[in-house]
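Remarks on the structure that follows.
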Amino acid sequence: NFLPKNISSPPWASNILPKNISSPPWASFQNLTGCHMGDHVPGLADLKRYLKRFGYMNFPDNDTNGTNANVTDDFDDSLEWAIKTYQKNFNLNPTGSLDISTVNQIVRPRCGVPDIINGTTTMNSSGAAHANDRRL
Amino acid sequence: YSYFPGSPSWPSNKRQLTYAISPADRISADDATLRSIFARAFERWSNVTQLTFVEAAEYSAADIKIGFYSGDHGDGEPFDGVLGTLAHAFSPTSGRFHLDAAETWAADGNLPSAGEIDLESVAVHEIGHLLGLGHSSVEEAIMFPTISSGTRRVELAADDVTGIQLLYGANPNYNASSSSSNSAQEEKGGAA
Numbered sequence: 024n025f026l027p028k029n030i031s032s033p034p035w036a037s038n039i040l041p042k043n044i045s046s047p048p049w050a051s052f053q054n055l056t057g058c059h060m061g062d063h064v065p066g067l068a069d070l071k072r073y074l075k076r077f078g079y080m081n082f083p084d085n086d087t088n089g090t091n092a093n094v095t096d097d098f099d100d101s102l103e104w105a106i107k108t109y110q111k112n113f114n115l116n117p118t119g120s121l122d123i124s125t126v127n128q129i130v131r132p133r134c135g136v137p138d139i140i141n142g143t144t145t146m147n148s149s150g151a152a153h154a155n156d157r158r159l
Numbered sequence: 241y242s243y244f245p246g247s248p249s250w251p252s253n254k255r256q257l258t259y260a261i262s263p264a265d266r267i268s269a270d271d272a273t274l275r276s277i278f279a280r281a282f283e284r285w286s287n288v289t290q291l292t293f294v295e296a297a298e299y300s301a302a303d304i305k306i307g308f309y310s311g312d313h314g315d316g317e318p319f320d321g322v323l324g325t326l327a328h329a330f331s332p333t334s335g336r337f338h339l340d341a342a343e344t345w346a347a348d349g350n351l352p353s354a355g356e357i358d359l360e361s362v363a364v365h366e367i368g369h370l371l372g373l374g375h376s377s378v379e380e381a382i383m384f385p386t387i388s389s390g391t392r393r394v395e396l397a398a399d400d401v402t403g404i405q406l407l408y409g410a411n412p413n414y415n416a417s418s419s420s421s422n423s424a425q426e427e428k429g430g431a432a
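Residue numbers (this note's numbering), protein chains in the order written: chain P, 24 to 159; chain L, 241 to 432.
Written as structure tokens, this is what we have:
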């Protein structure tokens with residue numbers, strides 16, 4: 024309870040926090056803050072799996088060898104496109120990079136229902152209009 | 241607001257839906273309080289639509305089946321422990337509503353403390369899915385996909401109301417101008 028919300032557990036926290044709250048599933052994504060197109064950073068493959076889970080990327084889980092060549096730690100075109108789509112859905116500046124506001128949104132607890140189902144997103148079609156109205 | 245692909249909804253001859261909490265898959269919380277939390281959550285949707293909800297006498301016969309589960313619970317969407325994914329629900333007319341038992345649920349009717357997830361907030365959101373709503377980009381909307389721990393968001397926003405009324409019609413007694421739904425906001429519970 025002493026950790027501010029939206030802040031991942033610092034490395035030392037695992038020594039003093041109860042085990043079940045020391046590492047929320049997506050806390051490690053905080054380490055990816057600042058990543059952008061062309062980077063190769065350990066952990067980007069996990070972010071791709073997160074984005075796939077919620078409908079923003081599409082790749083097979085495994086190839087015949089049990090691995091997936093598409094899931095690398097490379098910040099590639101498909102990841103940039105997925106992040107831009109995510110940013111639009113969440114009314115964030117669609118930079119395509121992992122700026123701090125995007126990462127803070129990604130690590131928030133959320134509903135398990137995907138934002139994009141069968142490649143179709145209507146999430147931002149009406150909502151973004153409202154959001155834009157609000158800003159205006 | 242958005243809908244699931246194909247805009248599935250409950251059939252027009254079914255405007256009263258029954259729900260029940262699994263007797264086997266529960267969290268340790270006072271039964272009456274738990275039931276009242278879900279009753280309030282359903283009532284928020286019935287207040288604005290022509291749908292009504294009643295608690296079923298038998299779990300197996302309920303249209304909407306609510307349960308708290310840990311990890312892999314057999315639907316291909318395993319829960320991931322504390323925080324991360326909090327709950328999921330299926331589109332009409334599945335009626336399956338699953339919550340992650342590993343969360344520290346604020347299920348006592350009070351505002352959540354820091355680190356707690358407000359059960360009623362999540363329940364109102366998931367009921368939206370059970371009725372056919374997808375996620376919304378409107379941050380004040382119940383159907384916005386994320387919620388911080390220690391906060392509470394239970395009031396339907398205008399975006400939620402518009403979306404659900406297009407599926408099921410408006411409650412004749414619903415008065416948008418006297419509703420707080422145009423100014424739904426997140427309440428913060430205990431300080432972080």
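Don't be surprised by glycine CBs; every beta carbon is placed ideally from N, CA and C.
Whether residue i touches residue j by CB criterion (9 angstroms)
i	j	result
C134 of chain P	T333 of chain L	no
G307 of chain L	A264 of chain L	yes
E317 of chain L	H328 of chain L	yes
M146 of chain P	S361 of chain L	no
T289 of chain L	Y408 of chain L	yes
E427 of chain L	T391 of chain L	yes
E366 of chain L	S389 of chain L	no
W285 of chain L	V364 of chain L	yes
F113 of chain P	T386 of chain L	yes
I106 of chain P	L74 of chain P	yes
T95 of chain P	L55 of chain P	no
R255 of chain L	V394 of chain L	no
R275 of chain L	E295 of chain L	yes
F77 of chain P	V126 of chain P	no
N287 of chain L	N411 of chain L	yes
H59 of chain P	E103 of chain P	yes
L70 of chain P	L121 of chain P	yes
N-terminal and C-terminal residue of the beta strand (DSSP E) that residue i is part of
i	result
V463 of chain L	Limits of chain L in this structure are 241 at one end and 432 at the other, which puts residue 463 of chain L out of reach.
H338 of chain L	336-340
Y309 of chain L	304-309
Per DSSP, cross-strand counterpart(s) of residue i
i	result
Q256 of chain L	L:T292
W345 of chain L	L:I357
D97 of chain P	P:H63
H328 of chain L	L:H338
T386 of chain L	P:R133
R392 of chain L	L:E427
I261 of chain L	L:I306
I140 of chain P	P:T143
Y109 of chain P	Its beta-bridge partners do not exist; DSSP assigns none.
Y243 of chain L	L:L373
8 angstroms contact criterion, which residue i and residue j should meet: CB distance rounded
i	j	result
D303 of chain L	F319 of chain L	No, D303 of chain L and F319 of chain L are not in contact; Cβ-Cβ is about 23 angstroms, not under 8 angstroms.
M80 of chain P	S101 of chain P	6 angstroms
Y241 of chain L	D400 of chain L	6 angstroms
I382 of chain L	L371 of chain L	No, I382 of chain L and L371 of chain L are not in contact; Cβ-Cβ is about 11 angstroms, not under 8 angstroms.
N141 of chain P	P248 of chain L	Their Cβ separation, rounded to whole angstroms, is 13 angstroms, which puts N141 of chain P and P248 of chain L out of contact at 8 angstroms.
D138 of chain P	H338 of chain L	Wrong, their Cβ atoms sit about 18 angstroms apart, outside the cutoff.
K305 of chain L	S262 of chain L	7 angstroms
Opening and closing residue of the alpha helix (DSSP H) in which residue i lies
i	result
L407 of chain L	398-408
L373 of chain L	Per DSSP, L373 of chain L belongs to no alpha helix (DSSP H) and is neither H nor E.
Q128 of chain P	123-129
L274 of chain L	271-286
> Taking Cβ-Cβ distances below 9 angstroms as the criterion, which residues of the segment 360-375 of chain L are in contact with chain P?
Replying inline: Residues passing the 9 angstroms Cβ filter: V362, H365, E366, H369, G374, H375.
> When you check each C-beta in the segment 394-408 of chain L against every C-beta of chain P, which residues fall closer than 7 angstroms?
Replying inline: D399
> Of the residues that make up the segment 272-296 of chain L, which ones have a beta carbon closer than 8 angstroms to any beta carbon in chain P?
Replying inline: none
> In chain order, what residues of the segment 309-323 of chain L put their CB closer than 9 angstroms to some CB of chain P?
Replying inline: E317, F319, D320, G321, V322, L323
>> Output needed in chain order: residues of the segment 105-120 of chain P with a Cβ under 9 angstroms from some Cβ in chain L.
In response: K111, N112, F113, N114
> At a Cβ cut of 8 angstroms, what residues of the segment 375-388 of chain L count as close to chain P, listed as they run along the chain?
Replying inline: H375, S376, S377, V378, E379, A381, P385, T386, I387, S388
> What are the residues of the segment 324-351 of chain L that lie near chain P, defined by any Cβ-Cβ distance shorter than 9 angstroms?
Replying inline: Cβ proximity to chain P below 9 angstroms picks out G324, T325, L326, A327, H328, A329, F330, S331, H338, D340, A342, E343, T344 from the segment 324-351 of chain L.
>> Against chain L, which members of the segment 128-146 of chain P pass a CB distance test of less than 7 angstroms?
In response: Q128, R131, P132, R133, C134, G135, V136, D138, I140, N141, T143, T145, M146
> Given a limit of 7 angstroms on CB to CB distance, which residues of the segment 46-62 of chain P reach chain L?
Replying inline: P47, P48, W49
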